[in-house]
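Below is one structure, written out as structure tokens; the observations come after it.
Residue numbers (mature numbering (1 follows the signal peptide of the UniProt record, and there is no 0)): -35 to -1, 1 to 641.
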């Protein structure tokens, strides 16, 4: 799950991640975006060991020694560390981790709310906006981000695999009800989790209906789904819990890092035989750690759990970190229910939170968030039971479990019940539009799921010469020398008469290409999606992001107006997902006013910041009143030289003005950030 970008991860946590980001070869797949999407070159870049020839030393004897023979070159490295290869149980896997979306514990959440309220009250005294974003913003609906790596939401019936990591869990057993148990689980968390996920989809499960209103394969910025869209799948009772694995091969790290957690998720996929992209399409793995462990410093950093995904040769793998929640009373212990069973309330509240956010934003952040970056669980987190939209007990066939409500665009509120929007039986995931290199082998798996039949037949039209689809597996392979864009339609059909087709663009060009067309990385890039006092942009004061009629937006109604006060600024933090190599930033700028042109009295600068340290990375460009424009003009920047070493971290983009005359307006609209 996600909280506002500006506050999701503390500088301490970012520092920890920075120190560890490249510590495990595992998780840093290099290459273009093509290497991070289902479309990828089938080979890897070879790294040969350079041979060194050694000059002979002078020899005192008349006859010198012969020159030593050059050392033979070492074999090409088929699995270079720089491209994210790691061994999982002796098998090479290529993977890239992504940044987690955390759920704050109730104490941290409440403290932050109080801080926000205090700042807002202080700002109100001065007629300013605090620039701090409140949680549970009921005025902001969810919008679709466009899908990450072709995937937006979990469209088939969700499947959950529970992983108990490390031999510290003790002896495995089975109780009278058939639950898997562990001697190192004093609270009985494992049986509770098994019952919770097994019961989803049963007759009393109104809660699981809420996410089914969300879908994928629609235009970015959409707030609702058309009839026939591929929606979040409703769970099948008794089948949501797909498997349990006790990984007792070794002790789990006491303070596991994000790369280590990602590697464990890949090990789980391998253990369950889910080594093909289609096998992970509707799957999530819950990585449970033992009592007393401090994975990813969850206790110090004030959260309860998080979810994210890994790009890998197994496809995109969605997973959740689930610490031993009863170690922190602010993670749900006895939050609704009393007694021993109530100790485990957090496994319903927080386990349900992460599950729901995974199925509605499977490859975060790529599907459903609001304009401040919150997912469907964030907006309704920790609302007290008995109040509107508050926590409640959900009755399933396997027992009673406390859950939080989920945000519903349909009701514009936090809900525990909604209409059920059903999918058709056979669903095909729309491939992303992408560009690939000519004369380079490719291997892409068409993703499809079918609740009516186990056997699918695949076909495709529009593929260039040399590229074809396997009718049995749906894999598109081959290579072509043809160049240009192709409209490719892929179809899957079953033996029950069901079928679905999806059409996307596939381009082949000479030289390296970017793979999937990257989705917009900014939230509210046009200054339109949020209310003007609750936006994803951090504003220095009231009305910097505005719809004031004193000036005009380039498009829509909203724009940013810098230069109203002596110092104005807007900032947004962007996650530079590891594995990408380039970052571009653009926006439209209109500089207008009456300041004398004899000097640069009023200025605006684009400044980059590192969220790890808070330090300035660099000033990209400065404009002044001497650069007055005739209307909005496009400003485009390749930020790669500034942030090459930052890729995989979070970078702040800040536009800041300084005015001495008060006569220059710097107007900004239609910003955009893309990673390739």
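All C-beta atoms, glycine included, are put in the ideal place defined by N, C-alpha and C. Bear in mind the structure is a predicted one, so any value in this text is a computation, not a measurement.
**Request:** Would you mind giving the Cβ-Cβ distance between residue 349 and residue 313, rounded to the nearest angstrom? I have them listed as a contact below 8 Å.
**Result:** Cβ-Cβ separation between residue 349 and residue 313: approximately 16 Å, too far for a contact (criterion under 8 Å).
**Asked** Thinking C-alpha only, which one of 458, 280, 459 and 454 is nearest residue 470?
**Response** When only C-alpha atoms are compared, the closest one is 454.
**Asked** Hey, residue 297 and residue 311: beta-carbon distance below 7 Å or not?
**Response** It is a contact, given that the beta carbons lie within the stated cut-off.
**Asked** Given a threshold of 16 other Cβ atoms within 10 Å of its Cβ, counted over all protein chains shown, does residue 168 qualify as buried or as exposed?
**Response** In this structure residue 168 is exposed. Its beta-carbon is surrounded by fewer than 16 other beta-carbon atoms within 10 angstroms.
**Message:** Let me make sure I understand the geometry here. Which of 505, 394 and 334 has the alpha-carbon closest to that of residue 105?
**Reply:** Of the listed residues, the one whose Cα sits closest to residue 105 is 334.
**Message:** With DSSP as the reference, identify every bridge partner of residue 620, one or two as the case may be.
**Reply:** Beta-bridge pairing links residue 620 to 535 and 571.
**Prompt:** Roughly how many angstroms separate the alpha carbons of residue 286 and residue 148, rounded to a whole number?
**Reply:** Taking the straight line joining both Cα atoms gives about 21 Å.
**Prompt:** Applying the criterion that 16 or more other CB atoms from any shown protein chain within 10 Å of the CB defines a buried residue, is residue 353 buried or exposed?
**Reply:** Flag for residue 353 reads exposed.
**Prompt:** Where do the ends of the beta strand (DSSP E) carrying residue 474 lie?
**Reply:** Where residue 474 is concerned, the enclosing beta strand (DSSP E) starts and stops at 464 to 474.
**Asked** Thinking just about the alpha-carbon of each residue, which of 164, 174, 124 and 116 is nearest to the one in residue 386?
**Response** Considering only alpha carbons, the answer is 174.
**Request:** Could you round the C-beta distance between residue 268 and residue 128 to whole angstroms and report it? I think they count as a contact, below 8 Å.
**Result:** The C-beta distance from residue 268 to residue 128 rounds to 19 Å, too long to fall under 8 Å, and the pair is not in contact.
**Item:** residue 193 versus 533, 625, 215 and 120, residue with shortest Cα-Cα distance
**Value:** Of 533, 625, 215 and 120, the residue nearest in Cα terms is 120.
**Message:** Spatial neighbours of residue 29 within its chain, please: C-beta separation below 6 Å, excluding the five flanking residues on both sides.
**Reply:** Caution applies to residue 29, whose pLDDT of 43 falls short of 50 and renders its modelled position unreliable; the model cannot decide the point.
**Asked** Can the beta-carbon of residue 447 be found closer than 7 Å to that of residue 425?
**Response** The answer is no: Cβ separation not under 7 Å.
**Request:** Name the residue from 607, 560 and 569 whose alpha carbon lies nearest to the alpha carbon of residue 582.
**Result:** The residue with the shortest Cα to Cα distance from residue 582 is 607.
**Asked** Which residues in the same chain as residue 502 place their Cβ atom closer than 6 Å to its Cβ, once the five residues preceding and following it in sequence are excluded?
**Response** 510, 535 and 537.
**Message:** Rounded to the nearest angstrom, what separates residue 231 and residue 220 at their Cα positions?
**Reply:** Between the alpha carbons of residue 231 and residue 220 lies a gap of roughly 19 Å.
**Message:** Only counting the same chain, and skipping five residues up and downstream in sequence, which positions put a Cβ closer than 6 Å to that of residue 416?
**Reply:** Sequence-distant partners of residue 416 (beyond 5 residues in either direction) whose C-beta falls short of 6 Å from its own C-beta, in its chain, are 390.
**Request:** Ignore the nearest five residues each way along the sequence and tell me which others in residue 178's own chain have a CB closer than 6 Å to its CB.
**Result:** Excluding residues within five positions, the ones whose Cβ falls inside 6 Å are 375 and 386.
**Residue ranges of each beta strand (DSSP E) within the region 539 to 608, 3 or longer** = Entirely contained in the region 539 to 608, the beta strand (DSSP E) runs reaching 3 residues are, in chain order, 548 to 558, 567 to 575, 581 to 589 and 598 to 603.
**Request:** Report yes or no: do the region 197 to 206 and the region 128 to 138 share at least 3 C-beta pairs separated by less than 8 Å?
**Result:** Because the criterion of three Cβ pairs below 8 Å is not met, the region 197 to 206 and the region 128 to 138 do not touch.
**Prompt:** Terminal residues of the continuous alpha helix (DSSP H) containing residue 440?
**Reply:** Not the alpha helix (DSSP H): residue 440 falls in the beta strand (DSSP E), residues 440 to 443.
**Request:** Return the bridge partner residues of residue 180 from the DSSP annotation.
**Result:** The partner list for residue 180 (beta bridge, DSSP) reads 196.
**Message:** I'd like the span of the alpha helix (DSSP H) that includes residue 263, first residue to last.
**Reply:** First-last of the alpha helix (DSSP H) with residue 263: 263 to 266.
**Asked** Span of the beta strand (DSSP E) holding residue 414?
**Response** Looking at the DSSP string, the run of the beta strand (DSSP E) that includes residue 414 is 413 to 415.
**Message:** To test your reading of the DSSP string, which unbroken beta strand (DSSP E) runs of 3 or more residues are found completely within the region 200 to 246?
**Reply:** The beta strand (DSSP E) runs of length 3 or more contained entirely in the region 200 to 246 are, from start to end of the chain, 206 to 212.
**Message:** Between the region 516 to 527 and the region 632 to 639, can you find at least three pairs of beta-carbon atoms closer than 8 Å?
**Reply:** Touching, yes, given that three or more Cβ pairs across the two stretches are closer than 8 Å.
**Request:** Report back the beta-carbon spacing between residue 109 and residue 185 to the nearest angstrom; my notes put them in contact at under 8 Å.
**Result:** About 6 Å; that satisfies the 8 Å criterion.
**Request:** With DSSP as the reference, please indicate the residues paired to residue 639 in a beta bridge.
**Result:** Its beta-bridge partners are 549.
**Request:** Could you check which residue in 371, 618 and 54 has the C-alpha nearest to that of residue 237?
**Result:** In terms of CA proximity to residue 237, 54 leads the group 371, 618 and 54.
**Prompt:** Closest by CA to residue 250, which one among 258, 208, 594 and 242?
**Reply:** Residue 208 holds the alpha-carbon nearest to the alpha-carbon of residue 250 among 258, 208, 594 and 242.
**Request:** Would you tell me roughly how many angstroms separate the C-alpha atoms of residue 321 and residue 327, rounded to the nearest one?
**Result:** So the two alpha carbons sit approximately 9 Å from each other.
**Request:** Could you name the residues that DSSP lists as bridge partners for residue 272?
**Result:** Its beta-bridge partners are 66 and 285.
**Message:** residue 572 and residue 619 - do their beta-carbons sit closer together than 7 Å?
**Reply:** In contact: residue 619 and residue 572 (Cβ atoms closer than 7 Å).
**Message:** Tell me which residues share the same chain as residue 239 and place their Cβ nearer than 7 Å to its Cβ, disregarding the 5 neighbours each side in the sequence.
**Reply:** Excluding residues within five positions, the ones whose Cβ falls inside 7 Å are 245, 248 and 279.
**Request:** Leaving aside the five residues before and after residue 626 along the sequence, list all residues of the same chain whose C-beta is less than 7 Å from its C-beta, in chain order.
**Result:** Closer than 7 Å at the Cβ level, and outside the excluded window around residue 626, lie 560, 566 and 567.
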